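For reference, the structure is listed below as C-alpha cells.
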Amino acid sequence: APRRNRGFVAGAVACALVATACGAEVRGQAHSVGDIAGLPVTHFESGLRPDAPPPELTVENVSDSAEDRLALAAIADVSAFWTEEFPERFADEFEPVGRLLSYDPQGTAFEICGADTTEAAMNALYCPSEDLVAWDRGLLLPLLRQRFGPMAVVTVLAHEFGHAVQYRLGDRAGIDETTPTIVKEQQADCFTGAYFRWMAEDSSARFRVSTSEGLNQVLSSLFFIRDDPGAGGAHGTAFDRTYAFQLGFSSGSARCADLDRADVEARITERPFAPEDAGGGDLRISAETVGMLQRSLDDSFAAAEVDPPRIVETGGDCPDGTGTPPASYCRENNTVGIDMAALAELGQPIDREAEFRGTESAGGMGDFAAFAEIVSRYVQGVQLGVGADVTSPEAGLRTACLVGAWTNAIDVEGALLRPSPGDLDEAIAELLQPRSLIAADADGLRVANGFARVEALRLGYYEGSAACTDTYP
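For the sequence shown, the working numbering assigns the number 505 to the initial residue and increments by one for each residue that follows.
Right, here's the structure in full:
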C-alpha cells in the first residue's frame with residue numbers, strides 16, 4: 505500500500521472515487537463479527553488473576569506500590585511468554601532481560617543509557633547497551649492504570665520487552681544500527697500483539713484479557729502513546745500503532761520479525777503538515793465546511809449511481825423523531841440530519857496536555873471525528889441505494905470500512921477536502937468510544953469491541969470499498 509496522508513485541509517477541486525456496495529472476491533484479512541482474529545468475543549473484567557503466582561524477579565529500586573506490583577506481574581508474565589515462544593518460533597532459548605529498574609522521576613535519580621531518570625517522566629524504556637527495562641512508577645503507570653485499566657500497564661511493559669526480543673533476534677529481525685526508530689517501534693507493538701494473543705487464548709497464569717473491553721484498554725493505551733500530528737517521532741501514529749498490534753495478535757511473532765523498513769515505510773501514515781494547511785489539520789465544523797463535505801461525498805460515491813443523501817441541519821434527528829444524534833440517516837426522505845453545534849464541539853482539537861494531565865479535555869476529538877460521523881450516516885444512503893442491508897452488525901463494520909475507503913480516496917492533490925496529519929488518529933479515538941457512530945449501522949447499533957471497529961476502518965483505507973462489501977456482506 506502506498507504512503508498516505510491524514511486530517512482535513514481545504515483544496516481546489518474534488519476527486520472521484522469508484523465506491524460501490526457490491527463486489528466479488530473476498531479481499532483483506534478482516535474477521536467476521538462473531539470472532540476476534542479467530543477467537544470468541546468475550547466480556548469480563550480483565551486484569552491480574554486472583555491466584556496468580558508471585559513473580560520471582562530481581563528489580564532495582566522497586567516499591568510496594570500498586571503500580572509496581574502490577575508491573576512485576578506483567579514482566580514475569582511476558583517473560584514466561586517469550587520463554588515459551590522464542591524457542592518455538594526462533595529455535596533459540598530466550599535469555600532473560602539482564603536488569604529491571606523501577607523509578608520515580610520525582611525521587612532518587614538513576615542513570616539509564618546516559619540519561620537521568622529525573623528527566624524521564626512519563627516514560628518506559630529498553631536500554632540495549634545495558635539490557636535494561638525501566639519504567640516510571642510515579643507518573644506514567646498510575647496515569648495509565650487510572651485512565652485505561654490494568655491492561656494499559658501490561659501493554660507498555662510488553663512493548664519494552666518487544667525491544668529486548670528485537671535485540672536478541674538481531675539480523676533475524678532485520679535490526680542493526682541503521683534501522684529507523686519507527687521500524688523498531690512497529691515491531692515492538694507487533695510483538696506486544698503476539699503476547700496478548702497468548703493471554704487471550706487463556707495461556708497466561710497471571711492475567712486474563714477479554715477480547716472486547718480488555719483489548720479496548722490495550723488499543724486505548726496505544727492511542728495515548730502516539731506521536732503528535734505532523735511532528736514525526738518515535739512511536740508512530742495511533743493508526744500505525746494499532747495496525748502493528750493487530751498484526752501481531754492475528755499473525756504471530758514470526759510475522760512481526762519479518763517487518764522491515766520497506767514494509768513499514770510503504771504503509772506508515774506519519775508525515776508533516778502540507779504547506780497550505782494553515783489550520784494545523786483542523787477545520788471548523790460549519791455550514792461552509794459541511795457543504796464542502798457534501799460535494800466531496802457526492803463526487804466520491806457517484807459511481808454507485810444512487811440518489812445521494814442530502815446533509816441538512818435538523819438538530820441531529822429525523823422528521824419522525826428517530827435518529828442517532830448528532831448525525832442521523834433518515835430513510836423516509838434520504839437525508840442526513842445533523843446537529844451542527846454538537847458536531848462543532850466534537851470537532852474541537854484534541855487537548856494533548858489534558859490527556860497527559862489525566863484530566864477531562866476541554867476540546868473534542870478533532871475535525872475528522874466529526875466529519876467521519878457525518879460520512880458514516882451518508883454511506884447508509886449509498887448502501888441502501890444499492891440494496892445492501894443497513895441494520896446489522898456487519899452493516900456497522902461495513903460502514904466504518906467505507907469511511908476508511910473514502911478517506912483514502914480523497915487523499916490526493918487538489919481534493920476539495922483532504923486528510924492531513926492526525927485525522928486518522930481522531931477516527932481511532934472515536935472508534936474506541938462505546939458510542940462510536942463511525943462503526944454503527946443505520947439504527948445506531950454497533951459492534952461491541954473496538955478491535956473489530958478499528959480493523960474495519962483500516963481495511964477500507966488500505967484496500968478500498970470493494971473489500972468492505974466482500975468482507976462484511
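Built from N, CA and C at the ideal position, the CB exists for glycine as well. Fair warning: this is a prediction, and the values are worked out from it, not measured in the lab.
* Using the C-alpha atoms, what's the distance from residue 659 back to residue 593? -> Spanning the two alpha carbons is a distance of roughly 21 Å.
* State the DSSP-derived secondary structure class of residue 957, mapped to helix, strand or coil. => helix
* Give every residue of the same chain whose Cβ lies closer than 6 Å to the Cβ of residue 628, excluding the five residues on either side of it in the sequence, and list them in chain order. => 639, 660, 664
* Cutoff 7 Å; reference residue 621; Cβ partners in own chain excluding five residues on either side -> 607, 609, 613, 614
* Return the CA-CA distance between residue 917 and residue 928, expressed in angstroms with no decimal places. => 18 Å
* Asked: For residue 945, which residues from the same chain have a beta carbon less than 8 Å from its beta carbon, with the 5 sequence-adjacent residues on both sides left out?
  -> Answer for residue 945: 884, 894, 895, 896, 897, 899, 900, 903, listed in chain order.
* Can you give the beta carbon distance from residue 472 to residue 907, rounded, assuming they're within the 8 Å contact cut? -> It is not possible to answer for residue 472, since the shown part of the chain is limited to 505 through 977.
* Of the choices 829, 890, 834, 623, whose alpha-carbon is the least far from that of residue 845? -> 829
* Looking at the unbroken beta strand (DSSP E) that takes in residue 637, where does it start and where does it end? -> Where residue 637 is concerned, the enclosing beta strand (DSSP E) stretches over 636-640.
* To do: Would you tell me roughly how many angstroms separate the C-alpha atoms of residue 963 and residue 644, rounded to the nearest one?
  => Taking the Cα positions, residue 963 is about 32 Å away from residue 644.
* To do: Compare the Cα-Cα distances from residue 809 to each of 968, 569, 548, 887 and report the closest residue.
  => 887
* Asked: Is it right to say residue 617 is buried, meaning 16 or more other beta carbons lie within 10 angstroms of its own, or is it exposed?
  -> exposed
* Neighbourhood of residue 583 by C-beta, 7 Å cutoff - its chain only, sequence neighbours within 5 removed -> 600
* Verify whether the separation of the beta carbon atoms of residue 711 and residue 581 is less than 7 Å. => yes
* **Runs of beta strand (DSSP E) wholly within the region 736-821 (minimum 3 residues, chain order)** => 814-817
* Asked: Would the beta-carbon of residue 871 fall within 7 Å of that of residue 787?
  -> Here residue 871 is near residue 787, since their CB atoms are less than 7 Å apart.
* In three-state DSSP terms, what is residue 711? -> strand
* DSSP on residue 617, reduced to helix/strand/coil? -> coil
* Between which two residues does the alpha helix (DSSP H) carrying residue 583 extend? -> Residues 570-594.
* Close-in-space but distant-in-sequence residues of the same chain around residue 602 (CB under 8 Å, 5 per side omitted) -> 634, 635, 636
* **Beta-carbon gap between residue 739 and residue 705 smaller than 7 Å** => Not a contact, by the Cβ cut-off of 7 Å.
* Whole angstroms is fine: what's the gap from residue 714's alpha carbon to residue 591's? => The straight-line gap separating the alpha-carbon atoms of residue 714 and residue 591 is approximately 27 Å.
* Asked: Whose C-beta lies closer than 6 Å to the C-beta of residue 847 among residues of the same chain, with five residues either side of it excluded?
  -> 789, 830, 874
* Asked: Which word fits residue 799, buried or exposed, when buried means at least 16 other C-beta atoms lie within 10 angstroms of its C-beta?
  -> exposed
* So residue 686 is in the alpha helix (DSSP H); what residue range does that whole segment cover? -> 685-704
* Asked: Roughly how many whole angstroms lie between the Cα atoms of residue 957 and residue 936?
  -> Between residue 957 and residue 936, the C-alpha separation is close to 8 Å.
* Asked: What are the residues that DSSP puts in a beta bridge with residue 929?
  -> Looking at the DSSP assignment, residue 929 forms no beta bridge with any residue, so it has no partner.
* For residue 978, name the three-state secondary structure that DSSP assigns. => Given a span of 505 to 977 for the chain in the structure shown, any question on residue 978 remains unanswerable.
* Asked: Looking only at C-alpha atoms, which of 727, 677, 642 sits nearest to residue 656?
  -> 727
* To do: Excluding the 5 residues preceding and the 5 following residue 641 in the sequence, name in chain order all residues of the same chain whose CB lies nearer than 8 Å to its CB.
  => 567, 569, 571, 572, 575, 606, 607, 608
* So what does DSSP say about residue 539, is it helix, strand or coil? -> Strand, per DSSP.
* Asked: DSSP state of residue 977, grouped into three classes?
  -> coil
* Asked: Could you give the residue range of the alpha helix (DSSP H) that holds residue 606?
  -> For residue 606, no alpha helix (DSSP H) encloses it; the enclosing beta strand (DSSP E) starts and ends at 603-607.
* To do: Compute the beta-carbon to beta-carbon distance between residue 851 and residue 868, rounded to the nearest angstrom, for a pair I have assumed lies under 8 Å.
  => 6 Å
* Whole-angstrom distance between residue 559 and residue 924, CA atom to CA atom -> 46 Å
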